[in-house]
Every structure is written in C-alpha cells, then in structure tokens.
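Accompanying notes for the structure given below.
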Amino acid sequence: MEQLNEIYTLRVFEDRNPYRVLIRTILSQRTRDNNTDQATKNLFLKYKDIYEVADAPIEELEKLVKVAGFYRVKARRVKEVSNLLIDQFGGEVPNNSKELLELPGVGQKTANCVLVFAFQKPAIPVDTHVHRISNLWGIVNTMQPEKTEEELMKIVPKKLWIELNDLMVQFGQTICKPIYKQCEQCPLTELCDYYLTQYENKNE
DNA sequence: AAAACGGGGGC
DNA sequence: GCCCCAGTTTT
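Each residue of the first sequence is one higher than the one before, counting from 42 in the numbering used here.
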C-alpha cells in the first residue's frame with residue numbers, strides 16, 4: 042500500500058452530483074478515463090440538467106458522447122435512464138442498490154460507483170481489474186464479482202475500501218494487465234504467487 | 001455461456 | 001498495427 046501510493050495518486054469524483062455521477066459512470070463503462078471525461082464534459086456543457094438531456098435528440102447525444110465509444114448504446118441509455126428517472130423517481134437518482142439496479146445500463150459496478158461517489162455509502166465497485174487481481178493475489182478465490190466484493194469488504198478496513206479499490210484499478214491498467222503483465226516494473230513481486238510460478242525457474 | 005456493442009489511446 | 005479498455009444487455 043505504501044509503495045503503491047508512491048506510484049499512483051488517488052482518483053476520485055470531485056463532482057458528487059448524483060445525476061452527473063451516474064451519467065459519467067455509464068459513459069465510463071468499457072472505456073478509458075480520458076475519453077469518459079471528454080464525453081461527460083461535452084454533455085454537460087451542452088445540457089444543464091436531467092430534463093434537457095431527457096429531451097435532447099438522440100443524434101445530438103450520440104455526437105457528444107461519441108469519443109467514449111459504444112456511443113449509440115450509451116446515448117440511448119443516457120436518454121432512457123434520464124426519462125425513467127423523471128417518470129418514476131421524480132427526477133432524482135435513487136440512493137440504494139436495489140433501485141439503481143433497475144435502471145437501464147446500470148449493473149453492479151455502476152450502481153456501486155454511484156453509491157460511493159455520489160452518496161458516500163459503503164460499497165466496492167469491482168471492475169475486471171479488481172476482480173482479476175484479487176484472484177491473482179489469492180485475496181479471493183471466486184469467479185463471481187459480487188463474491189469478490191464481499192470478500193474484500195471482510196478483509197480490507199472500511200476506511201481503505203475506495204482508495205485500495207482505485208489503486209488496484211490503476212495497478213491493473215498499467216502493470217498487472219490482463220495478459221501482458223509488466224512484472225519487471227512491479228513493486229510487489231515478492232508477494233505475488235503468479236510471479237513466483239512464472240519466473241522462479243528463469244531466475245534459477 | 002457467449003456474443004455484441006464501437007471507437008480511441010498507448011506503445 | 002495490435003493491445004486493451006473502471007461492463008451491461010441480449011442471444
């Protein structure tokens with residue numbers, strides 16, 4: 042943890058407006074942060090609030106969101122979710138997991154991001170990196186992301202949930218990648234079963 | 001359980 | 001040019 046903190050800085054949503062957090066998180070699905078930021082900026086420079094987004098022409102939404110990729114799906118989801126929130130939740134983003142999961146384009150990970158970043162509620166947004174690395178390190182041994190979240194919550198002190206989660210994501214993006222792992226740059230090889238099994242023979 | 005969705009940034 | 005992407009929905 043200390044070592045990781047020297048390499049990475051914590052990324053958090055400075056904007057805690059629940060609606061913008063929700064939209065930003067939907068736009069971030071399966072896309073890199075830079076592109077997500079740009080798409081979010083495009084959207085909210087043009088539209089002031091949920092009602093303007095809900096009324097926006099789909100072609101215009103697609104254009105603004107394009108840089109994030111999956112732009113047709115995402116534009117449709119942004120519009121759908123905005124209309125649904127207006128129709129069924131009085132234009133407010135729900136602050137509990139059950140109702141969040143009913144929204145189109147919102148799965149476990151996105152729901153957790155909203156809970157954490159908009160409402161400061163305890164949850165761990167487990168993405169593919171966190172899931173993969175947790176298993177790699179033997180922190181958990183399960184193929185189910187929900188189970189990973191459960192196990193991490195047991196092991197990691199609550200105060201560190203968000204920070205550690207974020208660091209694991211960045212670690213997964215840069216070093217402990219899905220396939221091409223950069224073990225030469227890794228400060229944690231001494232703790233890593235994967236590294237030991239991969240390299241112990243080569244080091245002879 | 002697997003495919004589909006779609007475009008960009010990094011190297 | 002190829003690799004990899006802070007997933008969710010549909011088949």
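Where a beta carbon is used, it is the ideal one built from N, C-alpha and C, also for glycine.
(1) N206: which of D96, L63, Q129 and H172 sits nearest, CA to CA?
(2) Please state whether the Cβ-Cβ distance between T81 and R61 is less than 9 angstroms.
(3) Who are the Cβ neighbours of K115 in its own chain at under 7 angstroms, not counting the five residues just before and after it?
(4) Is the beta carbon of L141 closer than 9 angstroms to that of V155?
(5) Identify whether G213 lies in helix, strand or coil by the three-state DSSP scheme.
(6) Do you know how far the Cα of Q214 is from the Cα of A159?
(7) If you scan the stretch 88-138 from start to end, which runs of the beta strand (DSSP E) of 3 or more residues do you find wholly inside it?
(8) Pick out whichever of G131, I203, E100 and E55 has its Cα sitting closest to the Cα of R113.
(9) Could you tell me the boundaries of the alpha helix (DSSP H) in which N58 lies?
(10) Can you name the start and end residues of the alpha helix (DSSP H) that T151 belongs to?
(11) Below 9 angstroms between beta carbons: does that hold for I165 and V197?
(12) Could you check the C-alpha separation between Q226 and Q211 for me, to the nearest Å?
(13) Using 8 angstroms as the cut-off, can you tell me whether the stretch 124-144 makes contact with the stretch 86-97, which would need three or more C-beta pairs spanning the two stretches below that distance?
(14) Taking only the alpha-carbon atoms, compute the straight-line gap between N136 and P186 and give it to the nearest angstrom.
(15) Could you tell me which of Y235, T189 and E231 sits nearest to I220, measuring between CA atoms?
(16) What's the C-alpha gap between A152 and E143?
Considering the structure as presented:
(1) Taking the first residue of the first sequence as position 1, residue 206 is located at position 165. Here the closest residue by C-alpha is H172.
(2) Here residue 81 refers to the residue found at position 40 when the first sequence is read from its first residue. Here residue 61 refers to the residue found at position 20 when the first sequence is read from its first residue. At the C-beta level, T81 and R61 come within 9 angstroms of one another.
(3) Stepping through the first sequence from its first residue, residue 115 is reached at position 74. So the qualifying residues of the chain are I67, L68, V106 and A109.
(4) Sequence index remark: in the first sequence, residue 155 carries index 114 (1-based). Sequence index remark: in the first sequence, residue 141 carries index 100 (1-based). Taking 9 angstroms as the Cβ cut-off, V155 and L141 qualify as a contacting pair.
(5) Taking the first residue of the first sequence as position 1, residue 213 is located at position 172. In the structure shown, G213 sits in a helix (DSSP, three-state: H, G or I).
(6) As a working mapping, residue 159 is identified with position 118 in the first sequence. As a working mapping, residue 214 is identified with position 173 in the first sequence. Counting only the Cα atoms, Q214 lies some 24 angstroms from A159.
(7) Those beta strand (DSSP E) runs which fall completely within the stretch 88-138 and span 3+ residues do not exist here.
(8) In the first sequence, the residue the question calls residue 113 occupies position 72. The candidate whose alpha carbon is nearest that of R113 is E100.
(9) Position 17 of the first sequence, counting from 1, holds the residue named residue 58. It is not in any alpha helix (DSSP H) - N58 carries neither H nor E in the DSSP assignment.
(10) Translated into the one-based positions of the first sequence, residue 151 becomes position 110. Segment Q149 to F160, the alpha helix (DSSP H) holding T151.
(11) Position 124 of the first sequence, counted from the first residue, corresponds to residue 165. Position 156 of the first sequence, counted from the first residue, corresponds to residue 197. When the beta-carbon positions are compared, I165 and V197 come within less than 9 angstroms of each other.
(12) One-based indexing of the first sequence puts residue 226 at position 185. One-based indexing of the first sequence puts residue 211 at position 170. So the alpha carbons of these two residues sit roughly 14 angstroms apart.
(13) Contact check between the stretch 124-144 and the stretch 86-97: three or more CB pairs, one atom from each, fall below 8 angstroms, which counts as touching.
(14) Your numbering for residue 136 matches position 95 in the first sequence. Your numbering for residue 186 matches position 145 in the first sequence. C-alpha separation (whole angstroms): 21 angstroms.
(15) Along the first sequence, read from residue 1 onward, the residue named residue 220 stands at position 179. Ranking the options by Cα distance to I220, first place goes to Y235.
(16) Position 111 of the first sequence holds residue 152. Position 102 of the first sequence holds residue 143. So the alpha carbons of these two residues sit roughly 10 angstroms apart.
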